[in-house]
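In my numbering, the protein residues as written are 683 to 776. These notes are about the structure you will find just below.
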């Protein structure tokens with residue numbers, strides 16, 4: 683419906699194990715759904731810090747914008763996820 687991939691679902695659900703398997707099989711960590719959301723956007727929204735860290739360690743782009751122009755850091759700040767915002771900044775998010 684929203685063109686979400688298994689990687690999006692793993693990030694949304696907070697499943698680091700499935701996330702790792704999907705990434706190991708070549709999934710693009712920056713794939714966007716029909717709203718421009720990446721798995722990192724979804725992990726941030728749901729507060730899954732471990733998933734965020736795993737995506738960042740696999741090279742997820744911290745500055746990809748969704749269709750509303752929000753980056754994962756913007757989402758973290760909007761959702762009051764301070765620890766995740768700090769994590770994103772450590773990976774040069776703006």
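Where a beta carbon is used, it is the ideal one built from N, C-alpha and C, also for glycine.
Local conformation of residue 777 per DSSP, three classes: Residue 777 is absent from the model: the chain starts at 683 and stops at 776.
Local Cβ density within 10 Å of residue 685, reported as buried at 16 or more and exposed below that: The residue you call residue 685 lines up with position 3 of the chain shown. It is exposed - the Cβ of residue 685 has fewer than 16 other Cβ atoms within 10 Å.
7 Å Cβ shell around residue 733 - same chain, five flanking residues per side excluded: By 1-based counting over the chain shown, the position of residue 733 is 51. So the qualifying residues of the chain are 693, 696, 698, 701 and 725.
The alpha helix (DSSP H) enclosing residue 754, as first and last residue numbers: As a position in the chain shown, residue 754 is number 72, starting the count at 1. Where residue 754 is concerned, the enclosing alpha helix (DSSP H) stretches over 754-760.
Residue from 691, 716 and 717 with nearest C-alpha to residue 709: For this step, residue 709 is matched to residue 27 along the chain shown. Looking at the Cα atoms, 691 is the closest of the given residues.
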